[in-house]
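S.K.:
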Amino acid sequence: MCHSRGAAARNENTVTAESSKGGAPFHSFHKPQKYLAFSKTQSMAPDYKSSDGLVVDNTLQSICYKCGSLQLLDQRKLPLETVYLDIQDATDGWNAIRDMVVRGAPAIAIAAALSLAVEVANLKDFNGTCEDAASFLEMKLEYLVSSRPTAVNLSDAATKLRKIISKAATTATVPGNVFQAYIEAAEVMLEDDVASNKAIGSYGASFLQHQQKNSKRFSVLTHCNTGSLATAGYGTALGVIRALHAEGVLERAYCTETRPFNQGSRLTAFELVHEKIPATLIADSAAAALMKEGRVSAVIVGADRVAANGDTANKIGTYSLAICAMYHHIPFYVAAPLTSIDLSLSSGQEIIIEERSAKELLHTRGGLGEQVAASGISVWNPAFDVTPANLIAGIITEKVSLSLFWCVCIEIHITPVHMNLFVFVPYPTSFSRCESHQPKVKTEEKDLSILLVVLSNK
């Protein structure tokens, strides 16, 4: 049912059930169990060379995919162990996302899409019509979206895939054609995510260098994990840091520990050390002191969801960093793909904030270690917070970096591929806060959504 695609060819180091001996069943998920765990000494994405011949990518690989086979790096075990889990169907994908085997908004979306692609690629028999095949896929997508509600990338991917499924069902002659259309679309998402991340890194590095033009080298602070472990490859905010380092302008990267799940200390620090990027780990509570000492020139974070007015949901603690950055006159940037922008939400107040288990705070290692808090204490453990747009100096996407401009983002759904157009006019005046406007635009196109955001670093 599958075709060979570039995404599969890039993952020659994939560990499969047939090639791994002695793999023990993995028992940390809800029954019924179909996971297999595999140890692997290295998890490397292939290098690629830039136009000048320099190797610029040698990043960790969290998603290993080829048609009919998907393995996810169990990020809960990092940095002490490198273990891959075999994902055989959408149920495995749902559990892996919910239980934080894979995390990061872009990676969650890709893992969900591919888990279903693997399931349908391995279907022995399907007794039904093309419409039945479409209903089967749509039901599975709805189930996968429920795994983590805050990350918009997951629901956005599901929406795009539903449109492809619906179109395929109207033209297909057999159910297999519908399944094949879905598989190909999921594989394209994998390829596109890597390309988008590298574009974010390139745009972001150029943008920050322009903003810091009086400094030959400068240091940045980041939060949580936004690298290759949080995406299909390369990363968003950490991708910008990678690009700055490659261009020789990064003095040092500071990363927070990111309690309670410690994505910063376990994952970001791991990636930075792996790639020999000069880096320092700090406690979450040390960020303000670091800024006060003048060690940070900019803060750059990722995003799980950006509302139409620019309000941004990201890992808990992001809001605190933005407040500290504003107080110390340090620009605070968000790096995220366009799929993280949710035009259906007028502000961050409409973003659903997921709350995690109390165990993550009561025990070490985000709930995986020994108990450290008194039994009986109540716990409030939101996974995300919302940073108001007026604390954000700019948003870096795979298309362009937005800062102190009127930006009209027009998304027209007139072809199978979304067409994103950015139109800029000079910033007309000074705003002390973020304002959202809905201009009157005459158009005959259906499904035309317009985002006009004013971002101010006042």
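Residue numbers (our numbering): 1 to 458.
Ideal Cβ placement from N, Cα and C applies to all residues, glycine included.
(1) Less than 8 Å separating the beta-carbons of Q71 and Y84?
(2) Kindly indicate which three-state DSSP category R266 falls into: helix, strand or coil?
(3) Hey, D385 and Y327 are a contact pair by Cβ (cut 8 Å); roughly how many whole angstroms apart?
(4) Which residue's Cα is closest to the Cα of H223: R259, C255, I241, F332?
(5) Between N381 and L361, which are expected to be in contact by the criterion C-beta below 8 Å, what is the C-beta distance as a whole number of angstroms?
(6) Taking just the CA atoms, how far does A237 sit from A393?
(7) Should the stretch 303 to 313 be called in touch with the stretch 340 to 355, which here means at least 3 C-beta pairs below 8 Å?
(8) Please report the straight-line C-alpha distance between L73 and E293, rounded to a whole angstrom.
(9) With distances taken from CA atoms, which of V101, Q88, V102, K124 is nearest S115?
(10) For R252, does the three-state DSSP call read helix, strand or coil?
(11) Give me the Cα-Cα distance between T150 and R305, rounded to the nearest whole angstrom.
(12) Restricting to Cα atoms, I'd like to know which of N214, E355, P337, F207 is closest to G235.
(13) Leaving out the 5 sequence neighbours to the left and right, which residues in its chain are closer than 6 Å to L221 when beta-carbon positions are compared?
(14) Roughly how far, in whole angstroms, is the beta-carbon of T397 from the beta-carbon of V301, given that I think they are within contact range, below 8 Å?
(15) With a threshold of 6 Å on Cβ separation, who are the neighbours of L137 within its own chain once the five nearest residues in sequence on each side are excluded?
(16) In angstroms, rounded to a whole number, what distance separates the CA positions of G264 and E257?
(17) Using only CA atoms, which one of D193, C67, A168 lies nearest to A230?
(18) Quick one: Cα of K216 to Cα of S344, how far?
(19) From this set, Y143, T364, T339, I323, which residue's C-alpha is nearest N197's C-alpha?
(20) What number of angstroms, rounded off, separates the C-alpha of N95 from the C-alpha of Q209?
(21) So what's V220 in DSSP terms, helix, strand or just coil?
(22) Suppose you measure from the CA of S219 to the CA of T387; what does that come to, to the nearest Å?
(23) Is it buried or exposed, K213, if we count other Cβ atoms within 10 angstroms and call 16 or more buried?
(24) Could you pull the start and end residues of the beta strand (DSSP E) that Q315 belongs to?
(25) Is the beta carbon of A232 closer than 8 Å to that of I63?
(26) Go ahead and pull the three-state DSSP assignment for G104.
(27) Who are the near neighbours of A90 in its chain, counting only those whose CB is closer than 7 Å to its CB and skipping five residues on each side?
(28) With respect to the alpha helix (DSSP H) encompassing Q209, which residues constitute its N-terminal and C-terminal limits?
M.R.: This is what the structure gives:
(1) Taking the first residue of the sequence shown as 1, we reach residue 71 at position 71. Taking the first residue of the sequence shown as 1, we reach residue 84 at position 84. The Cβ-Cβ distance between Q71 and Y84 falls below 8 Å.
(2) On the sequence shown, position 266 is the one that residue 266 refers to. It is helical.
(3) What you label residue 385 is simply residue 385 of the sequence shown in a count that begins at 1. What you label residue 327 is simply residue 327 of the sequence shown in a count that begins at 1. For D385 against Y327, the beta-carbon gap comes to about 17 Å, at or over 8 Å, which does not count as contact.
(4) In the sequence shown, residue 223 corresponds to position 223, counting from 1. Checked all of R259, C255, I241, F332; the closest Cα to H223 is C255.
(5) Within the sequence shown, numbered from 1, the residue matching residue 381 stands at position 381. Within the sequence shown, numbered from 1, the residue matching residue 361 stands at position 361. Indeed they touch by this definition, with Cβ atoms about 5 Å apart.
(6) The residue labelled residue 393 in the question sits at position 393 within the sequence shown. The residue labelled residue 237 in the question sits at position 237 within the sequence shown. Between the C-alpha atoms of A393 and A237 there is a straight-line separation of about 14 Å.
(7) Output reads yes: the stretch 340 to 355 touches the stretch 303 to 313.
(8) Numbered from its first residue, the sequence shown carries residue 73 at position 73. Numbered from its first residue, the sequence shown carries residue 293 at position 293. If you take the alpha carbons of L73 and E293, they lie about 37 Å apart.
(9) Residue 115 sits at position 115 when you count from the first residue of the sequence shown. With distances taken between Cα atoms, S115 lies closest to Q88.
(10) Within the sequence shown, the letter at position 252 stands for residue 252. Strand at R252.
(11) Position 150 of the sequence shown, counted from the start, is the residue given in the question as residue 150. Position 305 of the sequence shown, counted from the start, is the residue given in the question as residue 305. Straight-line Cα distance between these residues: approximately 7 Å.
(12) Within the sequence shown, numbered from 1, the residue matching residue 235 stands at position 235. Checking every option, the nearest Cα to that of G235 belongs to P337.
(13) In the sequence shown, counting from the first residue as 1, residue 221 sits at position 221. Excluding the 5 residues flanking it on each side, L221 has same chain C-beta neighbours closer than 6 Å at Y254, V296, V299, in chain order.
(14) Position 397 of the sequence shown, counted from the first residue, corresponds to residue 397. Position 301 of the sequence shown, counted from the first residue, corresponds to residue 301. That belief does not hold up - the Cβ atoms of T397 and V301 are roughly 14 Å apart, past 8 Å.
(15) Translated into positions along the sequence shown, residue 137 becomes position 137. The answer, listed in chain order, is I165, Y182.
(16) The residue given as residue 264 occupies position 264 in the sequence shown. The residue given as residue 257 occupies position 257 in the sequence shown. Computed Cα separation, rounded: 4 Å.
(17) Counting from 1 along the sequence shown, the entry for residue 230 is found at position 230. Nearest option by C-alpha distance: D193.
(18) In the sequence shown, residue 216 corresponds to position 216, counting from 1. In the sequence shown, residue 344 corresponds to position 344, counting from 1. Put simply, the backbone Cα of K216 is about 41 Å away from that of S344.
(19) The residue given as residue 197 occupies position 197 in the sequence shown. Nearest C-alpha to N197: T339.
(20) For the purposes of this step, residue 95 is taken as the residue at position 95 of the sequence shown. For the purposes of this step, residue 209 is taken as the residue at position 209 of the sequence shown. Between N95 and Q209, the C-alpha separation is close to 41 Å.
(21) Position 220 of the sequence shown holds residue 220. DSSP, read as helix, strand or coil, puts V220 in strand.
(22) Sequence index remark: in the sequence shown, residue 219 carries index 219 (1-based). Sequence index remark: in the sequence shown, residue 387 carries index 387 (1-based). Their Cα atoms are separated by approximately 22 Å.
(23) Counting from 1 along the sequence shown, the entry for residue 213 is found at position 213. When all chains shown are included, K213 counts as exposed.
(24) Here residue 315 corresponds to residue number 315 of the sequence shown, with the count starting at 1. First, the amino acid is wrong: residue 315 is Lys here, not Gln. Counting along the chain, the beta strand (DSSP E) containing K315 begins and ends at 312 to 315.
(25) As a first step, residue 63 must be located in the sequence shown, where it is residue number 63. As a first step, residue 232 must be located in the sequence shown, where it is residue number 232. Between I63 and A232, the C-beta spacing is below 8 Å.
(26) Here residue 104 corresponds to residue number 104 of the sequence shown, with the count starting at 1. DSSP places G104 in coil when its eight states are reduced to three.
(27) Translated into positions along the sequence shown, residue 90 becomes position 90. Result list for A90: S115, L116, E119, K140, Y143, L144, in chain order.
(28) If you number the sequence shown from 1, residue 209 lands on position 209. 175 to 211 is the extent of the alpha helix (DSSP H) around Q209.
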